[in-house]
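Under my numbering, the letters of the sequence shown match residues 4 to 240, in that order. Reading through the structure tokens given below for one structure.
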Amino acid sequence: MKIFPAIDLFGGKAVRLYKGDYNEMTVYSENPESVALDFKNAGADSIHLVDLEGAKDGTTPNLETVEKIVKASGLFSEIGGGIRSMEVLEKYFSVGVSRAILGTSAVTDEVFLDEAVARYGDRIAVGADVKDGYIAIKGWTAKSEYTLDEFFAKMQTKGVKTVICTDISRDGAMRGTNLEMYKQLSEKYTIDIIASGGVSSLDDVRELRKMNLYGAIIGKAYYTGAIDLSEAIKEAK
């Protein structure tokens, strides 16, 4: 299993939100590139990036910062946050991003999803953000018509290779990840699943690894020191 340490970007800084609430934002670093290098020094080979400003308005305000992170670290990088057009996808790929994550657009714009997968294949991943059993959209502020199961089935049919699945109620809450949800999904679908939200202990990492998940994202637990990243990477392997 791969570990994806996370950097959420806002105003060129590394920040974290609590349960997706922009009013509950903590700034962890003014220099996200140095955070990425810390990840690399701990043994990480991949990084998960989110443009929190882009998630709101569909633009790329942190593109320059993303490019600096990618170039400074040389890590496999995936990014999400408001990717709603081929133009934005091309911008990210042009600065060296390895994989792009479609969130709201994967739910609301089937034509774009199909075009992106047709052109870029497994460089396109999809975010499945779950709230009360349904897929949430628009920065977690609205609920879609899809249940988690319906959405996974649809993504598998469309040839999506990787899904980042987040239990919103666990995100940043430091109370463990939703192991039962990932167990059910991993047994039912052949999609590569990345667990996200509430991965807050080495026990979480061990339990997810036992399910043969493709990956797990570690965010707040790294920044607060609850998880030693190098230990998590060893446990994941």
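Ideal Cβ positions, reconstructed from N, Cα and C, are used throughout, including at glycine.
Endpoints, the beta strand (DSSP E) within which residue i is located
i, result
"M28", "24 to 32"
"P8", "5 to 13"
"I127", "127 to 134"
"D54", "49 to 54"
"A139", "137 to 140"
"V18", "16 to 21"
DSSP three-state assignment for residue i, whether helix, strand or coil
i, result
"R122", "helix"
"D117", "helix"
"G83", "strand"
"I230", "coil"
"K240", "coil"
N-terminal and C-terminal residue of the alpha helix (DSSP H) that residue i is part of
i, result
"K43", "35 to 44"
"L78", "It is not in any alpha helix (DSSP H) - L78 carries neither H nor E in the DSSP assignment."
"S108", "107 to 111"
"V91", "89 to 97"
Whole-angstrom C-beta distance between residue j and residue i, which should lie under 8 Å
i, j, result
"E234", "L205", "6 Å"
"A129", "M158", "Inspection of the sequence shows that residue 129 is occupied by Val rather than by Ala. Contact flag correct, Cβ pair sits at about 5 Å."
"G23", "I167", "That pair is no contact at about 14 Å."
"K94", "T63", "5 Å"
"I236", "I50", "Contact flag wrong, Cβ pair sits at about 12 Å."
Note to self: Restricting to runs no shorter than 3 residues, where is the beta strand (DSSP E) found entirely within the region 148 to 224?
What the structure shows: Correct list: 165 to 170, 195 to 199, 218 to 221.
Note to self: When you compare the region 66 to 75 with the region 93 to 100, are there three or more beta-carbon pairs, one atom per stretch, that lie closer than 8 Å?
What the structure shows: yes
Note to self: Tell me whether the region 116 to 123 and the region 139 to 153 touch, counting them as touching only if at least three CB pairs, one residue from each stretch, are closer than 8 Å.
What the structure shows: no
Notebook entry, point to check: Would you call the region 194 to 203 and the region 215 to 224 touching, i.e. three or more CB-CB distances under 8 Å?
Noted result: yes
Margin query: So, does the region 202 to 213 touch the region 25 to 42, judging by three or more C-beta pairs under 8 Å?
Written below: no
Next item on the list: Report yes or no: do three or more beta-carbon pairs, one from the region 69 to 89 and one from the region 101 to 111, lie closer than 8 Å?
Entry: yes
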